Amino acid sequence: MSRMIFVNLPVKDLKTSMAFYTALGFTNNPHFTDDTAACMVWSKAINVMLLTHDKWRQFTNRPIPATTSSEVMLALSCDSREAVDAMNNAAKQGGTADINPVQDLGFMYSRALTDPDGHIWEPFWMDPAAIPGE
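At position 51 of the sequence shown the residue is numbered 61 (the numbering used here), and the sequence of numbers has no breaks.
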């Protein structure tokens, strides 16, 4: 089996969160989706498990942070600057676009957004051939 990551996130409203991630370009894997959880696929290796608060509490008794807090920023590579912009613009459908200033380093371009539950995502594009040398 190839290595994969499943990012697990607590969400208040599963249907709203599924619609948000679909707007960003994720697809749903129905094999791992029910009334309490949804598997949203970014790539063969990257999956996001959206878990209702009750489902989340089956895995940990740690508190669910407020939507105004942050503990991680999850960066997703995109194929182009335009794809970064499109994902950020799609965040307006239930989330918040441009929560931080746009970062444009020439060889790398990124924008940050939040989902409806305040989880931070940073779509980015990078051209490794254009990274400045020493």
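Here a beta-carbon is modelled for each residue, glycine too, at the ideal position from N, C-alpha and C.
Please read all numbers here as calculations on a predicted model, not as lab measurements.
Classification of residue i by the beta-carbon crowding that lies within 10 angstroms, buried from 16 upward
i: LEU115; result: exposed
i: ALA122; result: buried
i: PRO126; result: buried
i: VAL82; result: exposed
i: MET59; result: buried
i: THR70; result: exposed
Span separating the alpha-carbon of residue i from that of residue j
i: PRO20; j: PRO133; result: 20 Å
i: SER120; j: ARG91; result: 8 Å
i: THR32; j: PRO142; result: 35 Å
i: THR26; j: ASN18; result: 16 Å
i: ALA48; j: PRO75; result: 20 Å
i: PHE16; j: THR43; result: 13 Å
i: THR124; j: GLN103; result: 11 Å
i: ASN38; j: PRO111; result: 30 Å
i: PRO40; j: ILE109; result: 31 Å
i: ASP23; j: PRO73; result: 17 Å
i: GLN68; j: GLY128; result: 21 Å
i: ALA139; j: MET11; result: 31 Å
i: GLN113; j: ALA107; result: 14 Å
Whole-number beta carbon distance between residue j and residue i, since they are thought to touch under 8 Å
i: MET14; j: MET50; result: Not quite, the Cβ-Cβ distance comes to about 13 Å (not below 8 Å), so this is no contact.
i: ALA101; j: LEU34; result: 7 Å
i: ALA93; j: TRP66; result: Not quite, the Cβ-Cβ distance comes to about 30 Å (not below 8 Å), so this is no contact.
Beta-carbon spacing of residue i, residue j below 7 Å
i: THR77; j: THR62; result: no
i: ASP137; j: PHE117; result: yes
i: PHE36; j: GLY105; result: no
i: SER80; j: ILE130; result: yes
- Query: Per the contact definition of three or more C-beta pairs closer than 8 Å, is the segment 54-64 in contact with the segment 90-102?
  - Reply: A contact is defined here as three or more CB-CB pairs under 8 Å, and the segment 90-102 fails this definition with respect to the segment 54-64.
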